[in-house]
Amino acid sequence: MLAVEGRFTGSDLTGPNFARLAESFSARAVRADHPARLAGALKDRLSEPGRSLIEVPVAEMPSVLPLLLGGPPGSVRD
642 MLAVEGRFTG SDLTGPNFAR LAESFSARAV RADHPARLAG ALKDRLSEPG RSLIEVPVAE
702 MPSVLPLLLG GPPGSVRD
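Structure follows, in structure tokens:
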């Protein structure tokens with residue numbers, strides 16, 4: 642969440658279940674939730690024909706909004 646001029650903006654989203662979403666489109670899905678699992682997930686999904694999805698979760702990214710808005714220091718804060 643970001644506070645801009647005393648007001649909060651943004652949402653904490655949990656996201657969809659991408660594996661189930663892929664399955665709804667007749668695609669096979671796997672989650673590589675650790676870097677060591679990515680190579681195996683790629684090998685597994687590329688060895689079979691058809692649509693596939695590999696979900697790779699990433700850590701929270703820093704906000705670029707303060708850089709975009711400009712303004713005096715402290716006018717935009719996390």
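Here the sequence shown is numbered in my numbering, starting from 642 and rising by one per residue. Cβ coordinates follow ideal geometry from the N, Cα and C atoms, glycine included. None of the values given here were measured: they were computed from a predicted structure.
Member of the options whose CA lies at the smallest distance from the CA of residue i
{"i": "Glu-664", "options": "Ala-680, Ser-688, Lys-684 and Glu-696", "result": "Glu-696"}
{"i": "Phe-659", "options": "Pro-698, Arg-648 and Gly-681", "result": "Pro-698"}
C-beta contact flag for residue i and residue j at 9 Å
{"i": "Ala-673", "j": "Arg-661", "result": "no"}
{"i": "Leu-694", "j": "Ala-668", "result": "yes"}
{"i": "Phe-666", "j": "Arg-692", "result": "yes"}
Heavy atom of the ligand ADP within 8 Å of residue i beta-carbon
{"i": "Ala-668", "result": "Among the ligands in the structure shown, none appear at all, so the ligand ADP cannot be discussed."}
Residue i in three-state terms, based on DSSP
{"i": "Glu-664", "result": "helix"}
{"i": "Ala-670", "result": "strand"}
{"i": "Arg-686", "result": "helix"}
Residues sharing a beta bridge with residue i, DSSP
{"i": "Leu-694", "result": "Ala-670"}
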